[in-house]
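Remarks on the structure that follows.
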Amino acid sequence: MRNPIGIKKAVYGILAMLGGLSWVVCKYLINHGPQPFSYDDYNRMLTLPLLLMLAVFTALQRHILVRWGRLGQWAGYIGLAGFILLAAGNILEFWIVLLQSVPNAYAAYKTGNTQVFFGSHWGWGLFCIGFLLFAMASFLAGIAAFRSKLKIAFCLLIAVFGAVGLLSFFNEPLLIPFGAGWFVIGGLWMISNNRNNILNSKPFN
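Its first residue numbered 1, the sequence shown is counted upward by one per residue in my numbering.
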């Protein structure tokens, strides 16, 4: 008989790995993708990894962060809000614009159009705020994990997410390691033993 906890762990691990891998591919294509696809087209592809990561983080918030004390709970709430804003900003800027007769800011800049879809700036603003919130949540989660006596390597991995998320505003290539980190966490999630299984119904010892 299959272990339902093991199945859930495998599913969420695969989703995290798919989200991380698709994020890296999309971010590379946004800067180096071939024609005839446009900047907007590749950013619309980015919606998939964002939604996958949102699903995985929701599971993290429900099954593990709530066990790491009040600090872990706050990290979960802040991180979840951040991911929702990331996805909302992407959808607003690159999907809602399809319903409009004016382009978003980037397309207007490239074509010299003076009319810009108002949601473009709002979408980018939501995306930036989402990354900042996720960076804050990562630092809090790293501290909460350390206080919960988890392995230091895992705590550092969580905290690094915060640094990468924050610094990515100033260095676009750092967005690729951000996705790679999700791939690594997905793999660790799948191979974790029962004692450290984050989907285990029992709390950490």
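A virtual CB, placed ideally from N, CA and C, is assigned to each residue, including glycine.
Neighbour-count burial assignment, residue i, 16 or more Cβ in a 10 Å radius
{"i": "W189", "result": "buried"}
{"i": "K9", "result": "buried"}
{"i": "I78", "result": "buried"}
{"i": "F127", "result": "buried"}
{"i": "I7", "result": "exposed"}
{"i": "F37", "result": "exposed"}
{"i": "L85", "result": "buried"}
{"i": "Q61", "result": "buried"}
{"i": "L175", "result": "buried"}
Residue nearest to residue i in terms of C-alpha spacing, selected from the options
{"i": "M45", "options": "P36, I191 and K27", "result": "K27"}
{"i": "A145", "options": "F83, A81 and W68", "result": "W68"}
{"i": "L50", "options": "Q61, V24 and N31", "result": "V24"}
{"i": "W95", "options": "P36, I176 and G119", "result": "G119"}
{"i": "S101", "options": "M136, V116 and G89", "result": "V116"}
{"i": "T58", "options": "T47, N90, A16 and P36", "result": "A16"}
{"i": "L54", "options": "A87, L99 and G6", "result": "A87"}
{"i": "I143", "options": "W124, R62 and G76", "result": "G76"}
{"i": "T47", "options": "Q61, I30 and Q35", "result": "I30"}
{"i": "N43", "options": "V56, N104, S138 and I129", "result": "N104"}
{"i": "M136", "options": "Q35, I91, L60 and G72", "result": "G72"}
{"i": "Q129", "options": "L80, I176 and S148", "result": "One point to set straight first is that residue 129 is Ile, not Gln, in the sequence displayed. Comparing Cα positions, the closest option is L80."}
{"i": "G187", "options": "H121, H63, V56 and D41", "result": "V56"}
{"i": "G125", "options": "G13, H63 and I91", "result": "I91"}
Cβ-heavy atom distance, residue i to the ligand NAP, below 8 Å
{"i": "L15", "result": "Among the components of this structure there are no ligands whatsoever, and the ligand NAP is therefore not found."}
Anticipated Cβ contact below 8 Å, residue i with residue j, distance rounded
{"i": "G20", "j": "F183", "result": "3 Å"}
{"i": "G181", "j": "F131", "result": "About 14 Å separates the two Cβ atoms, so there is no contact after all."}
{"i": "L65", "j": "S22", "result": "So it is not a contact: roughly 24 Å between Cβ atoms."}
{"i": "G123", "j": "G89", "result": "4 Å"}
**Study point:** Length-filtered (4 minimum) alpha helix (DSSP H) runs lying within the region 10–73
**Key:** Segments of the alpha helix (DSSP H) lying fully in the region 10–73: 39–45 and 47–63.
Exercise for review: Mind listing, in chain order, the continuous beta strand (DSSP E) runs of no fewer than 3 residues lying wholly within the region 115–143?
Suggested key: You should have found no qualifying run.
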